[in-house]
Amino acid sequence: RGRGMGGGGFCWAGAGMLLVVVVAATAMLLCGGTCSALHAQSFVTPTVPSQCDASMATRRSSLEVQRAALERAMSELDAEIARCDAVSPPPAEALLIWEQGETPKQPSMPRLPRSIPSVRRDDIAIYDALKAVYHATNGAHWHRNTNWLDMGVSYCDWYGISCSPDTLSFESSENNLSGVLPNELCVLPNLTTIVLNGNDIRGPLPRCDTTWQAMYQLDLSYNPRLGIAIPEWLVNLPNLGILKLEGSGIHGHLPATISKSLFHIGLSYNRIEGSLMQTDW
């Protein structure tokens with residue numbers, strides 16, 4: 001029995017040891033797989049893209065497009081600068097010719113205002129005379145005063161002023177002119193026409209008998225406050241053909257004689273006395 005029990009104990013002990021070995025091996029296998037998985041998870045980062053990376057990529061793409069557009073614009077600007085540099089300025093001789101009123105030979109020359117070549121130094125007196133007329137007749141309240149007082153524009157382009165190579169006319173009918181015509185009007189020796197009917201021109205008239213030698217037509221009709229007696233020098237201007245003073249408060253006696261050039265004279269609706277005698281028929 002003692003041996004039997006000893007043999008059985010040995011068997012049980014051997015079986016126990018075998019069980020321990022199997023359990024240990026199983027535990028090691030399980031632990032090894034789990035630990036390996038945990039170890040792998042601790043060092044391997046998931047490759048999932050973040051929102052920050054996507055936003056930066058979009059901004060970079062947009063900036064690259066803008067840079068390409070900017071480079072194209074810079075290239076076009078450089079080409080334009082090169083073309084401008086290739087155009088040489090007109091020589092001084094061409095500018096001098098233009099000021100003298102001749103046609104410039106340089107097509108690339110800047111185009112000056114049409115009126116500037118016709119303006120001479122002695123024309124300053126004409127500018128000053130017309131400005132005096134403007135101020136004396138309340139020009140700021142004229143119905144139409146386009147370009148008046150603008151020294152950058154030829155007086156030939158001021159409203160109511162017309163020019164030919166040797167003559168000047170001033171026509172501003174029913175335009176709210178109000179006041180006395182100034183003496184400066186006499187400095188216009190090439191003045192041939194004054195038509196100011198239907199305004200509020202008042203007397204006296206400036207005496208311009210020595211400078212209005214080219215005067216052909218003077219119309220001051222229907223200026224009810226003109227109120228003058230007809231000056232003898234006026235109806236004896238050598239080239240005066242038309243004189244209209246209807247409805248302008250003309251009074252007094254008529255001049256004894258008139259020039260042979262005067263073929264039309266309008267004096268109706270006034271208070272005048274006497275008769276006219278035309279000389280040198």
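Residue numbers (this note's numbering): 1 to 281. Just so you know, even glycine gets a beta-carbon here, dropped at the ideal spot from N, CA and C.
(message) Between which two residues does the alpha helix (DSSP H) holding K131 run?
(response) Annotation for K131: the continuous alpha helix (DSSP H) segment containing it runs 124-136.
(message) Please list the terminal residues of the continuous beta strand (DSSP E) segment that includes V235.
(response) Taken as a continuous stretch (DSSP letters only), V235 belongs to no beta strand (DSSP E), being part of the alpha helix (DSSP H) at 232-235.
(request) Helix, strand or coil for I250, going by three-state DSSP, please let me know. (result) coil
(request) Go ahead and label A129 buried or exposed: buried means 16 or more other beta carbons lie within 10 angstroms of its beta carbon, across all protein chains shown. (result) buried
(request) Enumerate in chain order the residues of its own chain whose CB-to-CB distance from Y127 is below 8 Å, with the five nearest sequence positions on each side excluded. (result) M151, Y155
(request) Kindly indicate which residue of V65, T167, D219, T137 has the alpha-carbon position closest to the one of N183. (result) T137
(request) State buried or exposed for K260, treating a residue as buried only when at least 16 other CB atoms are found within 10 Å of its CB. (result) Counting the other Cβ atoms within 10 Å of the Cβ of K260 gives fewer than 16, which makes it exposed.
(request) Determine the direct distance from the alpha carbon of L243 to that of T167, and round the result to whole angstroms. (result) 18 Å
(request) Report yes if the CB atom of N197 is closer than 7 Å to the CB atom of S173, and no otherwise. (result) yes
(message) Would S275 and E246 be called neighbours here (beta carbons separated by less than 7 Å)?
(response) No, Cβ-Cβ distance for S275 and E246 is not below 7 Å.
(request) Please classify F263: is it buried, with 16 or more other beta-carbons within 10 angstroms of its beta-carbon, or exposed? (result) exposed
(request) State the Cα-Cα distance for the pair L234 and N270, rounded to the nearest angstrom. (result) 17 Å
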